[in-house]
Amino acid sequence: MALNTLDSGTKNLGNAPKLKSRSNYGRNADGSRPTAVSAWISRLVMLVVLVLFSLPVYWMIISALKTPEELAQFPPTLFPTELRWENFSDAVTVMPFWTFFRNSAIITISVVVFSVISNFIVAYGFACIEWPGRNKVFFIVLATLFLPFPVTLIPMFDMWAGLGFVNTWVPLIAPALFAGGFFTFLLRQFMLQTPRDMLDAARVDGASEWSIAWRIVFPTARPAVTVIAIFAAVGTWNDFMGPLIYLQDEDKQTLSIGMEVFRSVNSQDVQFNLLMAASFLVLLPLVILFFIFQRYFVSGITLGGFK
Amino acid sequence: MSASNAVAADTPRTGTSGSAADLTARSGPGARDGTTGGRSGKRKLTGREKRNLRVGLLFISPWIIGVAVFVVYPLVYSFVISLTQYSGMQSPTFIGFQNYIAAFVDPLLHTAVGNTVYYMLLAVPIGLVVALLLALAMNRNVREVALYRTLLYLPSLIPMFALSFIFIVFVNPQYGIVNQFLGLFGMPATNLLGDPRYAKIVMIVMAQLGAGNAALIYLAGLRNIPETLYEAARIDGASRFRQFFAITVPLLTPTILFNLITGVSGAMMVFTEAFIMTDGGPDNSTLFYMLYLWRNAFSYGQLGFASALAVLLFLFGMLLAGLIYWLSRRFVNYDVSAG
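Residue numbers (full-length UniProt numbering), protein chains in the order written: chain A, 1 to 307; chain B, 1 to 339.
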């Protein structure tokens, strides 16, 4: 299945911008004019789902703005009568929020940088150099996509413990140095489209593979590189199990565990308004990232849609 | 390097350097592979091929190391440790298949398997349908569709731990709105997360907020269906309903398969929400397989038993992937590609 469908993935790349194109504007995917009824049904479906999806988020935001008294009211109020903005400043002081935030940021940025570099190099080896046997080896990359991570959990923990790296960020960051899996797959798909003539011309001119990779291919692969950088960032920022297993000291902890510790320590009297304010602050960088790189989010996912 | 040999079983077994004699010995597998121009039979690699092989392997060397350390080694290690009694403190003692036997008779594990299967059987099909519905709606170019796509995708970004906190408040009988709403239908205020009947349901509903990812993948699949097929169907007088089941669904099967596999593997490893929201309770009703595995490994210090659970999960995953693949050969349609 794999190699045949790889091509549909590549093809899909060409179609991805279509999502944004306006040539089909006002028409259905099949080219017909939508009837008023079907358009309204679509709107209705999207609106209903939107309301259902937004409700929990709305509840987070208003809870983050309520006073403790109002939060304790029954029945709960739909609109806070008094907006307590201090919840945000309190949330970052009742727990070492900025320490967690900084730790998450350092880990995330390191993982993004290492993932981009290592996956790009490996994908170049799979896409731009024709060496005997490379397609067979690439099958192994595809096979590793299906490996459930729990089976690696305990051996990895034992390994990092043996090397003395538990309670450091090394186990969370180091794997990004070694590429592989989905990111390599995505980048390779994209880089296969690099015109061979261009590569050969550079080789004839005596450029080394290394400089071809970074000076010619890397700039053209920028959309795909952006996509994997975003995915790596979101995945690392949202990671729960990794920090849960490897980090113990509070001053090394990430947001995901830090906030959970804050909640469970105060489990008798959790200040939910502060917890919601903190949750909002956790979300904020991702939302900003999303709005900056929106079209990459969409194209990246549609790119990955066909394996 | 033994590990990388094991991985690259039918690939040129070489490091990044080697003498010409080595290359001659290895030319067999490389040549049979036929990727360099289809010339078959045993032959020596040309100078250029040798160079490419060397450089190519050099470029993928980070991956080779990674796959050895992070895939092959853990797989072998997991299996070996699963045959021992091992707490992480003392050295492992070999006990054969006792961990596996213990797993099969462990009533808590039965509960965990039951919970996980329950979650999977509900969350995966619901997820597939919700995402497909969204994608079909998004595929109609109503004027403000880009806005909907953006807003509907956004919740997929919420980290599971944050979403868990949000839902703790959202369904809280005192602070939440959900009970208010259910009250309209005459349901008494219940602590949904504290009731074994509802705790799993809350998590299944919560998982739907991530539907944006799958919906975008469906959307890409829908865009890849050739428009000519619909035109032909319309000329033949096929109804919209008929078009959906005769064209859209069959041509979307590869995408459905992809979303099915992602959904199933995600459901197999459901963990964070149960860890944060209920800690497996109430009455073990959200004790999922992954949570039980995690507890055995990191709370009870039974690394051998936990490894056995990991190996079983791995085997089950492979079995399921095989089954899905087998089904796909019967139902998935790769005949018509886009364009």
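No residue lacks a Cβ here, since even glycine has one placed at the ideal position from N, Cα and C.
Beta-carbon gap between residue i and residue j smaller than 7 Å
i         : j         : result
Gly212(B) : Ser156(B) : yes
Leu229(B) : Ile247(B) : yes
Phe288(B) : Val311(B) : no
Ala91(A)  : Leu274(A) : yes
Ala308(B) : Ser82(B)  : yes
Thr236(A) : Val111(A) : yes
Trp131(A) : Leu58(B)  : no
Ala306(B) : Leu293(B) : yes
Ala267(B) : Ala102(B) : no
Cys128(A) : Leu199(A) : yes
Phe258(B) : Met206(B) : no
Phe170(B) : Pro195(A) : no
Met191(A) : Ala221(A) : yes
Leu251(B) : Ile225(B) : yes
Leu313(B) : Pro150(A) : yes
Thr111(B) : Asn296(B) : no
Ala162(B) : Ala215(B) : no
Tyr218(B) : Leu128(B) : no
Pro196(B) : Pro282(B) : yes
Gln174(B) : Pro75(A)  : no
Leu209(B) : Val202(B) : no
Gln243(B) : Ala232(B) : no
Gly304(B) : Asn139(B) : no
Pro254(B) : Val332(B) : yes
Gly114(B) : Pro148(A) : no
Glu260(A) : Ile158(B) : no
Residues sharing a beta bridge with residue i, DSSP
i        : result
Phe94(B) : Thr84(B)
Contacts that residue i makes with chain B (C-beta to C-beta distance below 8 Å)
i         : result
Pro80(A)  : Within chain B, no residue comes near Pro80(A); the closest Cβ sits about 12 Å away, beyond 8 Å.
Gln253(A) : The contacting residues do not exist; Gln253(A) stays about 12 Å from chain B at best.
Ile245(A) : Phe298
Gln294(A) : Thr150
Trp169(A) : Correct list: empty, because the minimum Cβ distance to chain B is about 17 Å.
Ser211(A) : Under the 8 Å cutoff, chain B gives no residues; its nearest Cβ is about 13 Å from Ser211(A).
Under 7 Å by beta carbon: chain A residues contacting residue i
i         : result
Ile158(B) : Leu283
Tyr100(B) : The contacting residues do not exist; Tyr100(B) stays about 15 Å from chain A at best.
Tyr73(B)  : Pro155
Ala306(B) : Ile154
Met268(B) : Pro148
Where residue i meets chain B, residues with beta-carbon distance less than 7 Å
i         : result
Leu71(A)  : Tyr175
Gln272(A) : Before going further, note that residue 272(A) is Phe rather than Gln in the sequence given. By Cβ distance, chain B contributes Val169, Tyr175.
Pro75(A)  : Gln180
Leu177(A) : Pro62
Ile129(A) : Asn52, Val55, Gly56, Phe59
Thr184(A) : Trp63
Val122(A) : Phe59, Ile60, Pro62, Trp63
Trp214(A) : None at all; the shortest Cβ gap to chain B is about 12 Å.
Listed by chain order, chain A residues near residue i by CB distance under 8 Å
i         : result
Val297(B) : Val is not the amino acid found at residue 297(B); the sequence shown has Ala there. Correct list: Leu153, Ile154, Phe157.
Ile166(B) : Pro56, Val57, Trp59, Met60, Met276, Ser279
Val311(B) : Val151
Gly317(B) : Phe146, Pro148
Beta-carbon neighbours of residue i, restricted to chain A and to distances below 9 Å
i         : result
Val67(B)  : Ile140, Val141, Thr144, Phe178, Gly180
Ser265(B) : Phe146, Pro148
Ala321(B) : Phe146
Under 9 Å by beta carbon: chain B residues contacting residue i
i         : result
Met198(A) : Within chain B, no residue comes near Met198(A); the closest Cβ sits about 17 Å away, beyond 9 Å.
Phe101(A) : Neighbours of Phe101(A) on chain B: none; closest Cβ ~13 Å, over 9 Å.
Inset, instruction - Flag this pair as touching only if the segment 316–326 of chain B and the segment 89–106 of chain B have three or more C-beta atom pairs under 8 Å; answer yes or no. - result: no
Legend entry - Length-filtered (4 minimum) alpha helix (DSSP H) runs lying within the segment 221–284 of chain B: 227–235, 240–243, 249–268, 272–277
Inset, instruction - Count the CB pairs spanning the segment 62–81 of chain B and the segment 171–186 of chain A that are closer than 8 Å, and state whether there are at least three. - result: yes
Inset, instruction - Pair every Cβ in the segment 253–261 of chain A with every Cβ in the segment 94–110 of chain A, then say whether three or more of these pairs are closer than 8 Å. - result: yes
Inset, instruction - Flag this pair as touching only if the segment 42–57 of chain A and the segment 137–148 of chain B have three or more C-beta atom pairs under 8 Å; answer yes or no. - result: yes
Legend entry - Inter-stretch contact at 8 Å, needing at least 3 Cβ pairs: the segment 139–156 of chain A / the segment 75–95 of chain A: no
Inset, instruction - Kindly provide the ranges of any beta strand (DSSP E) runs that are 3 or more residues long and lie completely inside the segment 90–173 of chain B, ordered along the chain. - result: none
Legend entry - Meets three-Cβ-pair contact criterion under 8 Å: the segment 220–233 of chain A and the segment 279–293 of chain A: yes
Inset, instruction - Determine contact between the segment 155–170 of chain A and the segment 70–85 of chain B, defined as no fewer than three beta-carbon pairs at a distance below 8 Å. - result: yes
Inset, instruction - Could you tell me which uninterrupted alpha helix (DSSP H) segments, each at least 4 residues in length, are contained entirely in the segment 245–269 of chain A, listed from first to last along the chain? - result: 255–265
Legend entry - Continuous alpha helix (DSSP H) assignments of at least 4 residues falling wholly in the segment 77–107 of chain A: 86–94
Inset, instruction - Starting from the N-terminal side, write out each stretch of the beta strand (DSSP E) that is 3 residues or longer and does not extend beyond the segment 160–231 of chain A. - result: none
Inset, instruction - Take every Cβ of the segment 237–248 of chain A, pair it with every Cβ of the segment 60–75 of chain A, and state whether three or more of those distances are shorter than 8 Å. - result: no
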